[in-house]
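What follows is one structure encoded as structure tokens, with my remarks underneath.
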Amino acid sequence: MPLPPSPTTTIAAAGGGLELPLIGLGTWQAAGEVAHRAVLDALELGYRLVDTATMYGNEREVGAAVRDSGLERGEVVVTTKLRQNQAGREREVVRESLRLTGLDVLDLWLVHWPPDGQARPDTWERFLEAREQGLVRAVGVSNYSVAQIDELIDATGVAPAVNQVRWGPALHDEGVLRAHAERGVVLQGYSPFKATDLDAAPIAAAARAHGVSTRQVVVRWHLQHGVVVIPKSTDRTRMAENLDVLGFELSGGELAAIDALGRA
Numbered sequence: 003m004p005l006p007p008s009p010t011t012t013i014a015a016a017g018g019g020l021e022l023p024l025i026g027l028g029t030w031q032a033a034g035e036v037a038h039r040a041v042l043d044a045l046e047l048g049y050r051l052v053d054t055a056t057m058y059g060n061e062r063e064v065g066a067a068v069r070d071s072g073l074e075r076g077e078v079v080v081t082t083k084l085r086q087n088q089a090g091r092e093r094e095v096v097r098e099s100l101r102l103t104g105l106d107v108l109d110l111w112l113v114h115w116p117p118d119g120q121a122r123p124d125t126w127e128r129f130l131e132a133r134e135q136g137l138v139r140a141v142g143v144s145n146y147s148v149a150q151i152d153e154l155i156d157a158t159g160v161a162p163a164v165n166q167v168r169w170g171p172a173l174h175d176e177g178v179l180r181a182h183a184e185r186g187v188v189l190q191g192y193s194p195f196k197a198t199d200l201d202a203a204p205i206a207a208a209a210r211a212h213g214v215s216t217r218q219v220v221v222r223w224h225l226q227h228g229v230v231v232i233p234k235s236t237d238r239t240r241m242a243e244n245l246d247v248l249g250f251e252l253s254g255g256e257l258a259a260i261d262a263l264g265r266a
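Residues in the sequence shown are numbered consecutively from 3, following my numbering.
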């Protein structure tokens, strides 16, 4: 039985008002039928955000699962990414991603890493063109610094809708959160469990207090900070657990104690 839907956040700027679920499924390292089955399971459970990338090599399987799910296309947000060595071939790559996924439009397209470590406003301009042409609904970046985001804004007047970065309690930085909010950029976190010691005292204490797993505490912590979280899993039971975080709320004291792990 599907779990209650994830809360959403509206992405502005280069997002065109797209409603982005705060919990999604990461698909890195999932391939072939394993990837197809994982995405189908996730959609059956209630996930409505699926994250892939050109470099993952599973865009075909992700798209097939979305089509095979029986859900209306507009119910599922599909994210994919341009790998950094594809800069300069943006038009070709976005069309190839559309072909592989079999989707008529990509919901969110990201620059996976700053090409050659540079912000590359020229690549960002091609992304904005793809959005204007209706090939993608929203565009953003991944693994960009705030300074690099500012370079894109200065060059084009348009901020990325999303910046996807490695994030978790041990990486918490209130200044980074605030800087993204000030620019209207949604922060999206990947590798939430690998980025943090799940046995850390404040996480374990919160899990005991609420009768949930430490992973559920970490996912809930992201939600309460308004950070989109995309834990990767191909295990249906684990995917269900990661999504089932709406039945409890971390207190202000618990949030503060977990936040402090980022200053440890």
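Even for Gly, the Cβ is constructed at its ideal location relative to N, Cα and C.
CB-CB length for Gly264 against Ala172, believed under 8 Å: 6 Å
With DSSP run on the structure shown, which of helix, strand or coil describes Val178? helix
For Asp106 versus Thr81, is the C-beta spacing smaller than 8 Å? no
Could you tell me if Ala89 is buried or exposed, where buried requires 16 or more neighbouring beta carbons within 10 angstroms of its beta carbon? buried
How far does the alpha helix (DSSP H) with Leu100 in it extend, from its first residue to its last? Glu92 to Thr103
Residue nearest to Gly101 in terms of C-alpha spacing, selected from Ala121, Asn60 and Ser144: A quick correction: the sequence has Arg, not Gly, at residue 101. Closest by alpha carbon: Asn60.
Using the C-alpha atoms, what's the distance from Thr56 back to Ser99? 7 Å
Proximity below 8 Å, CB of Leu5 to CB of Leu51: no
Tell me whether Glu256 is buried or exposed, calling it buried when 16 or more other Cβ atoms sit within 10 Å of its Cβ. buried
In the DSSP output, which residue or residues are listed as bridge partners for Ser235? Answer is none; Ser235 lacks a bridge partner.
Roughly how many angstroms separate the alpha carbons of Leu245 and Arg238, rounded to a whole number? 11 Å
Nearest-angstrom Cα distance between Ala161 and Val96? 20 Å
For Arg139, which three-state DSSP category applies? strand
Length of the line joining the Cα atoms of Ser235 and Arg217: 12 Å
Just reading off the alpha helix (DSSP H) that Thr10 is part of, what are its end residues? No alpha helix (DSSP H) contains Thr10, which is instead part of the beta strand (DSSP E) from Thr10 to Ile13.
Cβ-based burial, Leu73 [other Cβ within 10 Å; buried from 16]: exposed
Measure the CB-CB distance between Trp115 and Val138 and report whether it falls below 8 Å. no
Any beta carbon of chain D sitting closer than 8 Å to that of Val178? Structure shown: chain D not included; a single protein chain is present.
Counted within 10 angstroms of its Cβ, other Cβ atoms place Arg180 as buried (16 or more) or exposed: exposed
Three-way DSSP call (helix, strand, coil) for Asp109 in this model: strand
Give me, in chain order, the residues of the same chain whose beta-carbon lies closer than 6 Å to that of Pro9; leave out the 5 immediate sequence neighbours on both sides. Leu24
Length of the line joining the Cα atoms of Ala140 and Lys83: 12 Å
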